[in-house]
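Numbering (our numbering), first residue to last: 2 to 153.
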């Protein structure tokens, strides 16, 4: 019987920690780019064939679907978001959660300074980039769409 090799290089825990570290970096870069309306900075975080799903897509792009797929569609959508983001759109959040493959965080309605638009963001990360991004809106955020307030 051969000996167990205790000095192998592959450590699953290290791999997961690396994935978590990449997801955390994406979280901070994405947040900074969004709050600065940095369209190119945001796009650089997405895979070329990435998908975004959001109730804001049909509203801003005047299409039936809430799905954008691929660099050109993402560029169009993210560009509109940067142009038309309302002042009620703030960036208060408490934390994020990740296992390295999925990144999740919430913008709660209630903040220390009053209300903000409420969302949950879910991002699937693959090869260091956002592959699939889903945005779930709360009632306060949906009211902004219903009242057509998504503009400055």
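From the three backbone atoms N, C-alpha and C, an ideal C-beta is built for every residue, glycine too.
Please return the same chain residues whose Cβ sits closer than 7 Å to the Cβ of residue 80, not counting the five positions on each side in sequence.
40
Just verifying my parser: in three-state terms, what is the DSSP assignment at residue 44?
helix
Exposed unless 16 or more other CB atoms sit within 10 angstroms - verdict on residue 71
exposed
Secondary structure at residue 73, three-state DSSP: helix, strand or coil?
helix
Is the CB-CB distance between residue 46 and residue 30 below 7 Å?
yes
Would the stretch 106 to 119 count as touching the stretch 15 to 27 if we require 3 or more Cβ pairs under 8 Å?
no
Cut-off 6 Å between Cβ atoms - residues of its own chain near residue 138, not counting five sequence neighbours on either side:
56, 120
Can you tell me whether residue 103 is buried or exposed, with buried defined as 16 or more other CB within 10 angstroms of its CB?
exposed
Can you tell me which of the three DSSP states residue 141 falls into?
helix
Reduced DSSP category for residue 147 - H, G, I as helix; E, B as strand; rest coil:
helix
Per DSSP, the bridge partner or partners of residue 115
112
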